[in-house]
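One point on numbering: in the numbering used here, the residue at position 89 of the sequence shown is 116, and numbering is uninterrupted.
Below: the structure, in structure tokens.
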Amino acid sequence: MALCQLDNDYAVGTCGAVTPACEVCLQDVQDIDYFATDLPHLRGELRIRGPSTFKSYFGNESETSKALDPDGWFHTGDICSVDERGRFRLIDRLKDFRKLSHGEYISPERIEKFTSGITPGSLPITSIVAFIGVDPESFTDLASKVTGDAVDRGNIDSLLKALENRNAVKVAIEVLGKVVKESKSNFYGRVRLVKLMLDPLTL
Numbered sequence: 028m029a030l031c032q033l034d035n036d037y038a039v040g041t042c043g044a045v046t047p048a049c050e051v052c053l054q055d056v057q058d059i060d061y062f063a064t065d066l067p068h069l070r071g072e073l074r075i076r077g078p079s080t081f082k083s084y085f086g087n088e089s090e091t092s093k094a095l096d097p098d099g100w101f102h103t104g105d106i107c108s109v110d111e112r113g114r115f116r117l118i119d120r121l122k123d124f125r126k127l128s129h130g131e132y133i134s135p136e137r138i139e140k141f142t143s144g145i146t147p148g149s150l151p152i153t154s155i156v157a158f159i160g161v162d163p164e165s166f167t168d169l170a171s172k173v174t175g176d177a178v179d180r181g182n183i184d185s186l187l188k189a190l191e192n193r194n195a196v197k198v199a200i201e202v203l204g205k206v207v208k209e210s211k212s213n214f215y216g217r218v219r220l221v222k223l224m225l226d227p228l229t230l
């Protein structure tokens, strides 16, 4: 165990501080703009060294060499931030990032966490597309305002027409843009196209 939350620490969403038995450091991940010098909170890949760190993967030298470097540091693959009290917070996973055709990295999983409806597309223009299932009860008032037409929540044709309205789509993109920006996603992780639907996607 490398991190532990103290009994009197009631902060939500942290892994706690470093235990006395381990060394911990953050390694810069330049491709996705995480640096151990970031402010106000340091960020980077969490690496651990100490007696509690495992020695090897049984019978798998290849994976062991990837996870443990010659200096004994275990590369966790977890992207963490450290607050002013030395508490670590998991904010990303290295394996979640995808490299786009123009060389930039994005994390679809991270963006989905903030928008709950995004998937990376494989179109000629590489960008993020969001499919949003709207709630008719809450959508009609907004749609009536931005489209300039009275949208009847009990009329399917009226709702479907509003879902295709450019102004309604524009508002959705703007709202998602603000949310994704707050998540500190890079430029290529922002939503470029939105498809509004009456029913949410199911898997």
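Backbone N, C-alpha and C define an ideal beta-carbon position, used for all residues, glycine too.
To the nearest angstrom, report how far apart residue i and residue j are at their CA atoms.
| i | j | result |
| --- | --- | --- |
| D58 | H68 | 18 Å |
| S165 | E201 | 17 Å |
| D168 | A48 | 58 Å |
| A189 | L220 | 16 Å |
| W100 | A29 | 12 Å |
| D176 | K222 | 20 Å |
| D96 | E90 | 11 Å |
| G86 | S92 | 12 Å |
| D60 | R114 | 21 Å |
| A170 | A157 | 18 Å |
So what's residue i in DSSP terms, helix, strand or just coil?
| i | result |
| --- | --- |
| K82 | coil |
| L225 | coil |
| V173 | helix |
| L150 | Note that L150 scores 48 on pLDDT, short of 50, meaning its location in the model is unreliable; the coordinates nonetheless yield the value given after this. L150: coil per DSSP, three-state reduction. |
| T91 | helix |
| A189 | helix |
| F166 | helix |
Tell me where the beta strand (DSSP E) around residue i begins and ends.
| i | result |
| --- | --- |
| D36 | Segment: none, D36 is in no beta strand (DSSP E) and carries neither H nor E. |
| L69 | 69-76 |
Decide if residue i is buried, meaning its Cβ has at least 16 other Cβ atoms within 10 Å, or exposed.
| i | result |
| --- | --- |
| T64 | exposed |
So, at 7 Å on beta carbons, what are the nonlocal neighbours of residue i in its own chain, with the 5 sequence-adjacent residues on each side left out?
| i | result |
| --- | --- |
| K82 | none |
Within the same chain, show all residues whose beta-carbon is closer than 6 Å to that of residue i, passing over the 5 residues directly before and after it, in chain order.
| i | result |
| --- | --- |
| Q252 | Residue coverage of the chain in this structure runs from 28 to 230, which leaves residue 252 outside it and unanswerable. |
Under 8 Å Cβ to Cβ from residue i, same chain only, skipping five residues before and after it: list those, please.
| i | result |
| --- | --- |
| T41 | Q32, D110, R114, F115, R116 |
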